[in-house]
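Those protein sequence lines, which keep their order, are chains A and B.
Each residue of the first sequence is one higher than the one before, starting from 4 at the first, in this note's numbering.
Each residue of the second sequence is one higher than the one before, starting from 4 at the first, in this note's numbering.
Protein chains: 2
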Amino acid sequence: RLMDAIRATLGSNGPLAGVRVVVTAGPTREPLDPLRFLSNRSSGKMGYALVAAAIDAGASVTLITGPTALTPHSEASVIGVESAAEMADAVQTAVQDADVLIMTAAVADYRPASVAEHKIKKSSDDLTLNLTRTTDILASIDRPGLLKVGFAAETTSLLDYARDKLRAKHLDLIVANDARTSMGSDEGWAYLLEPGKEAEEVGPTSKAELAEVIIDRVASLLRSRRTSERD
Amino acid sequence: RLMDAIRATLGSNGPLAGVRVVVTAGPTREPLDPLRFLSNRSSGKMGYALVAAAIDAGASVTLITGPTALTPHSEASVIGVESAAEMADAVQTAVQDADVLIMTAAVADYRPASVAEHKIKKSSDDLTLNLTRTTDILASIDRPGLLKVGFAAETTSLLDYARDKLRAKHLDLIVANDARTSMGSDEGWAYLLEPGKEAEEVGPTSKAELAEVIIDRVASLLRSRRTSERD
Numbered sequence: 004r005l006m007d008a009i010r011a012t013l014g015s016n017g018p019l020a021g022v023r024v025v026v027t028a029g030p031t032r033e034p035l036d037p038l039r040f041l042s043n044r045s046s047g048k049m050g051y052a053l054v055a056a057a058i059d060a061g062a063s064v065t066l067i068t069g070p071t072a073l074t075p076h077s078e079a080s081v082i083g084v085e086s087a088a089e090m091a092d093a094v095q096t097a098v099q100d101a102d103v104l105i106m107t108a109a110v111a112d113y114r115p116a117s118v119a120e121h122k123i124k125k126s127s128d129d130l131t132l133n134l135t136r137t138t139d140i141l142a143s144i145d146r147p148g149l150l151k152v153g154f155a156a157e158t159t160s161l162l163d164y165a166r167d168k169l170r171a172k173h174l175d176l177i178v179a180n181d182a183r184t185s186m187g188s189d190e191g192w193a194y195l196l197e198p199g200k201e202a203e204e205v206g207p208t209s210k211a212e213l214a215e216v217i218i219d220r221v222a223s224l225l226r227s228r229r230t231s232e233r234d
Numbered sequence: 004r005l006m007d008a009i010r011a012t013l014g015s016n017g018p019l020a021g022v023r024v025v026v027t028a029g030p031t032r033e034p035l036d037p038l039r040f041l042s043n044r045s046s047g048k049m050g051y052a053l054v055a056a057a058i059d060a061g062a063s064v065t066l067i068t069g070p071t072a073l074t075p076h077s078e079a080s081v082i083g084v085e086s087a088a089e090m091a092d093a094v095q096t097a098v099q100d101a102d103v104l105i106m107t108a109a110v111a112d113y114r115p116a117s118v119a120e121h122k123i124k125k126s127s128d129d130l131t132l133n134l135t136r137t138t139d140i141l142a143s144i145d146r147p148g149l150l151k152v153g154f155a156a157e158t159t160s161l162l163d164y165a166r167d168k169l170r171a172k173h174l175d176l177i178v179a180n181d182a183r184t185s186m187g188s189d190e191g192w193a194y195l196l197e198p199g200k201e202a203e204e205v206g207p208t209s210k211a212e213l214a215e216v217i218i219d220r221v222a223s224l225l226r227s228r229r230t231s232e233r234d
């Protein structure tokens, strides 16, 4: 934690000095009843590494995190959430005065259509669970001027899905990786895609190093945006 | 870990000296696809506390555990599992040479009827998930002479459900608690029920102390069983 503070101070002249960054991390949990939930294998490691890299680069960072076993960087403002709906609310509020939104969280696409008040008792051999779509957080955020970075974790057709998402959600950058090798792992490997550019491969490396590459890219995107605004 | 070893040695003359105990702990995860799963709020704290209490009492302990954030007692043999089916297999094998089975794990009652090979992509607004029953582990174990301890975590009608489970699964002891206050918490509070006896309330206390009370009860059940065998 002392090292956290020292590195944050050193970063105060860094490429993200004065920049306000919101990072989402971890899985969400969508309850069926008071005990059971739908979730996913996201460990939060990529998001927490991005928080550290952004703070080291001088940014002030808000971390909005689902349940993980990790300890966040001591200089981050931390908001703990559980469901996709809670995460959506927290992000909407946090981006009101942010410059950059980095969505690494593995937000559930579907939640149980209804939540039972009491533990569902086993009875019949089969049970049908009705699921309904959650709010698409990245697509619902349209604050002008906000730099939006998304993640695509897929098990097949990685680059195709990532390009679709980049376009559909008007992202400035998307980080695409194979969910089966990346989720829960310390290893970092990804494609970085920007609108109208070729995909660029990063890694295999650590998630900490991949996070630094992404934060460098965010800094250069902010610089080129400021330059073009000045022209 | 040194303290673990010292306490285990002190326990070698304890009430469970020479007794082989299998403890299950934590939640299970039932996959929908390579990333998503159904799970529950069990932290594993009660089970891990029982492992420590049993080793302190001189038992040799096998811990069969779902995914948790906890570090097991260093003197326990640990088998990590994920799904209810994996836990059922591990328990069936482990009880072959055990004297006591303590099932604290919150094993899923239902699993998705089929597991998708690739990440399920969001498409329609609604999705129906077909679930099917998992194997009832406690009911499927019928090794003669094995002392069986079950847990009932409920949100309503606690004692009624616990009595039904005690009878239906031929348990020697059941520990019944309110899932909403116990799951994930460090607090211990429960009813202990044996066949043909009044329920006995323990706590509120710590899970460590509740574990000691349960292990003491297991020791006395084993003693009275040996006495009656001798008669």
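Ideal Cβ placement from N, Cα and C applies to all residues, glycine included.
Predicted model only: the values in this text are computed from it and were never measured.
CA nearest to the CA of residue i, picked from the options
| i | options | result |
| --- | --- | --- |
| Ala222 (chain A) | A:Leu53, A:Glu203, A:Ser185 and A:Asn43 | A:Leu53 |
| Arg1 (chain B) | B:Ala109, B:Ile9, B:Ala202 and B:Ile58 | Absent from the model: residue 1 (chain B). The displayed extent of chain B is 4 to 234, so no value can be given. |
| Trp192 (chain B) | B:Asp128, B:Phe154 and B:Lys124 | B:Phe154 |
| Thr27 (chain A) | A:Tyr113, A:Val98 and A:Gly17 | A:Val98 |
| Val64 (chain A) | A:Leu195, A:Lys168, A:Ile105 and A:Ala79 | A:Ala79 |
| Thr159 (chain B) | A:Lys124, A:Gly187 and A:Leu134 | A:Lys124 |
| Gly50 (chain B) | B:Thr184, B:Arg233, B:Glu232 and B:Met106 | B:Met106 |
| Arg114 (chain A) | A:Ser126, A:Ile67, A:Gln95 and A:Arg136 | A:Arg136 |
| Ser209 (chain B) | B:Ser185, B:Asp100 and B:Arg4 | B:Ser185 |
| Glu85 (chain A) | A:Lys48, A:Phe40, A:Gln95 and A:Gly148 | A:Phe40 |
| Ala91 (chain B) | B:Leu73, B:Ala72, B:Asp112 and B:Thr74 | B:Asp112 |
| Thr96 (chain B) | B:Gly21, B:Leu5, B:Leu66 and B:Ser231 | B:Leu66 |
| Arg146 (chain B) | B:Asp100, B:Ala87, B:Leu196 and B:Asp129 | B:Asp100 |
| Ala87 (chain B) | B:Arg32, B:Ser126, B:Lys48 and B:Leu5 | B:Arg32 |
| Arg22 (chain A) | A:Arg233, A:Leu196, A:Gly148 and A:Ser231 | Looking at the sequence itself, residue 22 (chain A) is Val, so the reference to Arg does not match. Checking every option, the nearest Cα to that of Val22 (chain A) belongs to A:Gly148. |
| Pro18 (chain B) | B:Arg233, B:Ser231, B:Thr230 and B:Arg220 | B:Arg220 |
Min CB distance residue i to chain B below 7 Å
| i | result |
| --- | --- |
| Asp128 (chain A) | yes |
| Leu41 (chain A) | yes |
Supposed close pair residue i, residue j - CB separation, criterion 8 Å
| i | j | result |
| --- | --- | --- |
| Glu157 (chain B) | Ala116 (chain B) | Not really, about 26 Å apart at Cβ, beyond 8 Å. |
| Val103 (chain B) | Val24 (chain B) | 4 Å |
| Leu132 (chain A) | Leu134 (chain B) | 6 Å |
| Val118 (chain A) | Pro34 (chain A) | 5 Å |
Same chain, Cβ closer than 6 Å to residue i, neighbours up to 5 away in sequence not counted
| i | result |
| --- | --- |
| Arg10 (chain A) | Asp59 |
| Pro30 (chain B) | Ser42, Asn43, Ser45, Gly69 and Ala109 |
| Ala56 (chain A) | Ala214, Glu215 and Ile218 |
| Gly187 (chain B) | Arg44 and Ser46 |
| Ile82 (chain A) | Ile67 and Ala93 |
| Glu204 (chain A) | Tyr194 |
| Arg4 (chain B) | Ser77 |
C-beta neighbour in chain A for residue i, strict 7 Å
| i | result |
| --- | --- |
| Asp219 (chain B) | no |
| Arg44 (chain B) | yes |
| Leu132 (chain B) | yes |
| Thr135 (chain B) | yes |
| Tyr113 (chain B) | yes |
| Arg183 (chain B) | yes |
| Ala87 (chain B) | no |
| Ala193 (chain B) | no |
| Ala72 (chain B) | yes |
Chain-ordered chain B contacts of residue i [CB-CB under 7 Å]
| i | result |
| --- | --- |
| Thr158 (chain A) | Pro37, His121 and Lys122 |
Cβ neighbours of residue i in the same chain (closer than 7 Å, five flanking residues each side left out)
| i | result |
| --- | --- |
| Lys122 (chain B) | Asp36, Pro37 and Leu38 |
| Glu212 (chain A) | Gly191 |
| Ala14 (chain B) | A quick correction: the sequence has Gly, not Ala, at residue 14 (chain B). Contacts found: Ile58, Asp59, Ala60 and Gly61. |
| Gly206 (chain A) | Gly191, Trp192, Ala193 and Leu213 |
| Tyr164 (chain A) | Ala155 and Glu157 |
| Asn16 (chain B) | Gly61 |
| Leu224 (chain B) | Leu150, Asp175 and Leu176 |
| Leu130 (chain B) | none |
Beta-carbon proximity list for residue i, same chain, < 8 Å, skipping 5 on both sides
| i | result |
| --- | --- |
| Lys236 (chain B) | No information on residue 236 (chain B) is available, as it lies outside the stretch 4 to 234 that chain B covers here. |
| Ala8 (chain B) | Ser77 and Glu78 |
| Leu161 (chain B) | Ala155, Ala179, Asn180, Asp181 and Tyr194 |
| Pro75 (chain A) | Tyr51, Val54, Leu66, Thr68 and Val81 |
Under 9 Å by beta carbon: chain B residues contacting residue i
| i | result |
| --- | --- |
| Phe154 (chain A) | What Phe154 (chain A) touches in chain B: nothing, since even the nearest Cβ is about 13 Å away. |
Neighbour list for residue i in chain A, Cβ cutoff strictly below 8 Å
| i | result |
| --- | --- |
| Lys125 (chain B) | Asp112, Tyr113 and Arg136 |
Under 7 Å by beta carbon: chain A residues contacting residue i
| i | result |
| --- | --- |
| Met186 (chain B) | Leu38 |
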